[in-house]
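K.L.:
Let me give you the structure first, and then I'll get to my questions.
Protein chains: 2
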Amino acid sequence: MTTPQLTKNQSLVFDVLEKAEGPLSAYTILDKLRDHGFRAPLQVYRALEKLLEYGVVHRLESINSFVACAHPGDDCHSHGIVAFAICESCGQVTEFHDHEVDHRLMEWVRGQKFKPEKTTIEIRGLCEACAA
Amino acid sequence: MTTPQLTKNQSLVFDVLEKAEGPLSAYTILDKLRDHGFRAPLQVYRALEKLLEYGVVHRLESINSFVACAHPGDDCHSHGIVAFAICESCGQVTEFHDHEVDHRLMEWVRGQKFKPEKTTIEIRGLCEACAA
DNA sequence: TTGCACACGTTATAGCATAACGCAATTGAT
DNA sequence: ATCAATTGCGTTATGCTATAACGTGTGCAA
Ligand SMILES: [Zn+2]
Ligand SMILES: [Zn+2]
Ligand SMILES: [Zn+2]
Ligand SMILES: [Zn+2]
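Protein chains in written order, with the numbering used here: chain A, 1 to 132; chain D, 133 to 264.
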């Protein structure tokens with residue numbers, strides 16, 4: 001998926017996510033953009049929908065939040081599953097890929113004749129700093 | 133984790149989930165239990181909290197729903213990660229375990245000195261019947 | 001008896017996400 | 001140039017998901 005030129009709202013939302021330390025909820029993004037004219041949740045959600053489609057932003061299902069892709073330009077997303085480690089203390093998120101995990105999961109779905117569309121792998125816990 | 137005797141509310145919620153064809157949202161469970169005296173979401177959420185703790189129910193993060201464990205009495209839950217395949221058409225859920233996937237993920241977290249607490253693996257797509 | 005833990009009921013509130021309407025700008029064919 | 005289709009945008013309203021806060025009753029152990 002090649003990323004087209006972002007619209008104004010999409011750029012604003014993306015910039016907020018890129019500058020953030022960790023994942024943000026849609027409503028947090030909204031609050032950060034009120035000075036730029038954002039008034040309603042849909043303005044955020046519509047931008048996020050496109051950014052997710054372009055693959056430059058990921059959604060963290062287990063915490064209802066969004067994060068900028070940590071591997072811009074990487075083609076991993078086109079042929080692999082993205083996994084996340086989420087620190088429940090400081091909110092830090094690490095994005096990674098493991099082809100062996102992908103392989104095993106895809107082998108399983110093939111055996112079941114299941115047709116995968118979107119796979120979520122999220123590890124919640126404590127990062128090295130917070131676990132100390 | 134050994135499962136203690138369930139309370140009345142916990143039993144009601146568990147029975148609903150066990151008899152269900154697929155995953156249910158907390159509010160759907162609530163509606164199914166109104167005839168049994170349930171009036172408020174908290175009655176459902178409090179029961180679910182315990183059932184999750186006992187390991188007899190799983191939460192599907194990506195669809196905000198709950199499902200009865202498909203492997204009652206299985207000790208897989210104590211030393212492995214649970215994964216789910218969720219059909220987005222018919223709602224059918226298949227629960228499975230893959231030790232190799234567990235192993236790879238745990239190897240990754242060990243390398244990062246990340247301390248995992250709860251891991252989510254959910255594959256959304258189409259089951260064999262619905263993909264045809 | 002007193003204190004504690006736990007389940008429960010109720011009301012209110014917080015947090016997350018989308019439906020539905022209308023308008024404006026863009027594009028691309030006819 | 002005109003028309004139709006698409007896309008983005010703004011606004012209001014609504015729906016779905018989850019928890020806070022308070023009070024009650026019950027069982028049990030110190
Ligand atoms: Zn990424
Ligand atoms: Zn941390
Ligand atoms: Zn299970
Ligand atoms: Zn299906």
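Glycine included, every Cβ here is placed at the ideal spot set by N, Cα and C.
All values derive from a computational prediction rather than experimental measurement.
1) Comparing the CB of Val82/A with every heavy atom of ligand 1, is any distance shorter than 7 Å?
2) If you follow the alpha helix (DSSP H) that Gly111/A is part of, which residue opens it and which one closes it?
3) Does the distance from the CB of Val233/D to the CB of Val101/A come in under 8 Å?
4) Counting only beta-carbon atoms, is Gly125/A nearer than 8 Å to chain D?
5) How long is the line joining the alpha carbons of Leu12/A and Phe38/A, rounded to whole angstroms?
6) Chain D beta carbons: is any one of them nearer than 8 Å to that of Ala85/A?
7) Cβ-heavy atom distance between Ala261/D and ligand 4 below 7 Å?
8) How would you list, in chain order, the residues of chain D whose beta-carbon sits under 8 Å from the beta-carbon of Val101/A?
9) State the start and end residues of the unbroken beta strand (DSSP E) segment that holds Leu149/D.
10) Taking Lys115/A as the query, report the chain D residues whose CB atoms sit under 7 Å from its CB, ordered along the chain.
11) Look at the alpha carbon of Val148/D and the alpha carbon of Ile161/D, and state the distance between them as a whole number of angstroms.
12) Using the C-alpha atoms, what's the distance from Ile255/D back to Asp35/A?
13) Output yes if chain D places a C-beta closer than 8 Å to the C-beta of Val67/A; else output no.
14) When DSSP builds the beta bridges, which residues end up paired with Thr120/A?
15) Name, please, each residue of chain A whose Cβ falls closer than 7 Å to the Cβ of Ser194/D.
16) Based on the DSSP output, what are the partners of Asp190/D in its beta bridges?
17) Along chain A, in chain order, which residues have C-beta atoms closer than 8 Å to that of Asp230/D?
18) Looking at ligand 4, does it come within less than 7 Å of Ser197/D, judged from the CB to the closest heavy atom?
19) Measure from the C-beta of Thr226/D to each C-beta in chain A and report whether the shortest distance is under 8 Å.
20) Let's see if you can read the secondary structure: which residues bound the beta strand (DSSP E) around Cys127/A?
P.N.:
Result, derived from the coordinates:
1) Working through the first sequence from its first residue, we reach residue 82/A at position 82. Yes, ligand 1 has a heavy atom inside 7 Å of this Cβ.
2) To locate residue 111/A, count along the first sequence from 1; it is residue 111. Start and end: 99-112.
3) Taking the second sequence and counting its residues from 1, one reaches residue 233/D at position 101. Taking the first sequence and counting its residues from 1, one reaches residue 101/A at position 101. Cβ atoms of Val233/D and Val101/A: closer than 8 Å.
4) The residue labelled residue 125/A in the question sits at position 125 within the first sequence. With 8 Å as the cut-off, Gly125/A counts as an interface residue toward chain D.
5) For the purposes of this step, residue 12/A is taken as the residue at position 12 of the first sequence. For the purposes of this step, residue 38/A is taken as the residue at position 38 of the first sequence. Between Leu12/A and Phe38/A, the C-alpha separation is close to 10 Å.
6) In the first sequence, the residue the question calls residue 85/A occupies position 85. Chain D, which has a Cβ nearer than 8 Å to the Cβ of Ala85/A, makes this yes.
7) Counting from 1 along the second sequence, the entry for residue 261/D is found at position 129. Within the cutoff, so yes.
8) By one-based count along the first sequence, residue 101/A stands at place 101. Those are Val233, Arg236, Leu237, listed as they occur along chain D.
9) Residue 149/D sits at position 17 when you count from the first residue of the second sequence. No beta strand (DSSP E) contains Leu149/D, which is instead part of the alpha helix (DSSP H) from 140-151.
10) As a position in the first sequence, residue 115/A is number 115, starting the count at 1. The contacting residues are Gly257, Leu258, Ala263.
11) To locate residue 148/D, count along the second sequence from 1; it is residue 16. To locate residue 161/D, count along the second sequence from 1; it is residue 29. The alpha-carbon atoms of Val148/D and Ile161/D are separated by roughly 7 Å.
12) The count along the first sequence starts at 1 and reaches residue 35/A at position 35. The count along the second sequence starts at 1 and reaches residue 255/D at position 123. Looking at the two C-alpha atoms, the distance is approximately 38 Å.
13) Translated into positions along the first sequence, residue 67/A becomes position 67. Chain D, which has no Cβ nearer than 8 Å to the Cβ of Val67/A, makes this no.
14) Taking the first residue of the first sequence as position 1, residue 120/A is located at position 120. Glu254/D.
15) As a first step, residue 194/D is located in the second sequence; it is residue number 62 there, counting from the start. Going along chain A in sequence order, the residues near Ser194/D (Cβ under 7 Å) are Glu61, Thr120.
16) As a first step, residue 190/D must be located in the second sequence, where it is residue number 58. With the sequence shown as reference, residue 190/D is identified as His, and Asp is not the correct amino acid for it. DSSP output for His190/D lists Val199/D as bridge partner(s).
17) Position 98 of the second sequence, counted from the start, is the residue given in the question as residue 230/D. Correct list: Arg104, Leu105, Trp108.
18) Mapped onto the second sequence, residue 197/D falls at position 65. For ligand 4, not one heavy atom lies less than 7 Å from the Cβ of Ser197/D.
19) Along the second sequence, one-based indexing puts residue 226/D at 94. So, interface residue.
20) Start at 1 with the first residue of the first sequence, and residue 127/A comes out as number 127. Counting along the chain, Cys127/A falls outside any beta strand (DSSP E), and DSSP gives it neither H nor E.
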